[in-house]
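Peer 1: The opening position of the sequence shown corresponds to residue 0 in numbering that gives the first Met the number 0, with each subsequent residue numbered one higher. Backbone N, C-alpha and C fix where the C-beta goes; we use that ideal spot for every residue, glycine too.
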Amino acid sequence: MKRPAVCPICGKEFLADRVTQKYCCSYCRRYAHRHGVNNHVRPPKDAEALRSFRCIKCGRLVRVTESTDRRTKFCSSHCERLYWKHSKKVTSVVIRRSFHCRNCGTLVEVSEAKDRRTTFCSLTCREKWFSLHRKK
Numbered sequence: 000m001k002r003p004a005v006c007p008i009c010g011k012e013f014l015a016d017r018v019t020q021k022y023c024c025s026y027c028r029r030y031a032h033r034h035g036v037n038n039h040v041r042p043p044k045d046a047e048a049l050r051s052f053r054c055i056k057c058g059r060l061v062r063v064t065e066s067t068d069r070r071t072k073f074c075s076s077h078c079e080r081l082y083w084k085h086s087k088k089v090t091s092v093v094i095r096r097s098f099h100c101r102n103c104g105t106l107v108e109v110s111e112a113k114d115r116r117t118t119f120c121s122l123t124c125r126e127k128w129f130s131l132h133r134k135k
């Protein structure tokens, strides 16, 4: 079923073959991908953040406000591409974050990107806290 549509790149009107077709031709589709037209725009300041994280490549703070936004590690497709297809001489930004353990209160400094600790310093502290605060 064909439907009338307008290409966001060149403004040309065309008949879309699919519901998801946005561009009139492969040239416009590739242009949009190369120039970041499909990258996410910054959300308004008052929007509630579903999650926030720092980009592994550039270190920029990213606030995700839409449930359809699936970003968890990188701020853009450009940073993701640079991170996975980098030369061995290039080093990425070291991410440093710190937090106080919810159970024992010690200050924990995390410097590795793959270290996912955000609340507890160890597995034993996590188990102790949840055993004390379990709903009965």
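Ends of the alpha helix (DSSP H) at E79?
Peer 2: Position 80 of the sequence shown, counting from 1, holds the residue named residue 79. Here the alpha helix (DSSP H) through E79 covers 76 to 83.
Peer 1: What residue range is occupied by the uninterrupted alpha helix (DSSP H) comprising E65?
Peer 2: The residue given as residue 65 occupies position 66 in the sequence shown. E65 -> no alpha helix (DSSP H), and no H or E assigned at all.
Peer 1: Do you know offhand how far G69's Cα is from R133's?
Peer 2: As a working note, residue 69 is residue 70 in the sequence shown. As a working note, residue 133 is residue 134 in the sequence shown. Position check: residue 69 holds Arg in this sequence, whereas Gly was assumed. Computed Cα separation, rounded: 31 Å.
Peer 1: For a quick check, are the C-beta atoms of C78 and C54 less than 7 Å apart?
Peer 2: Counting from 1 along the sequence shown, the entry for residue 78 is found at position 79. Counting from 1 along the sequence shown, the entry for residue 54 is found at position 55. Against a cut-off of 7 Å, the Cβ pair of C54 and C78 comes out as a contact.
Peer 1: For the ligand MG, I want to know if S75 counts as a neighbour, meaning its beta carbon is within less than 6 Å of at least one of the ligand's heavy atoms.
Peer 2: Absence of the ligand MG is noted for the structure shown, with no ligands found whatsoever.
Peer 1: For L60 and V107, what's the separation of their Cα atoms in angstroms?
Peer 2: Taking the first residue of the sequence shown as position 1, residue 60 is located at position 61. Taking the first residue of the sequence shown as position 1, residue 107 is located at position 108. In a straight line, the C-alpha of L60 is about 20 Å away from that of V107.
Peer 1: Once DSSP output is grouped into helix, strand and coil, what is the label at L49?
Peer 2: Taking the sequence shown and counting its residues from 1, the one referred to as residue 49 is at position 50. If DSSP states are grouped into helix, strand and coil, L49 belongs with coil.
Peer 1: Are there 16 or more other CB atoms within 10 angstroms of the CB of F129, so buried, or fewer, so exposed?
Peer 2: As a working note, residue 129 is residue 130 in the sequence shown. Classification of F129: exposed, given that the 10 Å Cβ count is below 16.
Peer 1: To the nearest angstrom, how far is it from the Cα of G35 to the Cα of R2?
Peer 2: For this step, residue 35 is matched to residue 36 along the sequence shown. For this step, residue 2 is matched to residue 3 along the sequence shown. Going from the Cα of G35 to the Cα of R2 covers about 26 Å.
Peer 1: Suppose you measure from the CA of S76 to the CA of T117; what does that come to, to the nearest Å?
Peer 2: Counting from one through the sequence shown, the residue named residue 76 turns up at place 77. Counting from one through the sequence shown, the residue named residue 117 turns up at place 118. So the alpha carbons of these two residues sit roughly 25 Å apart.
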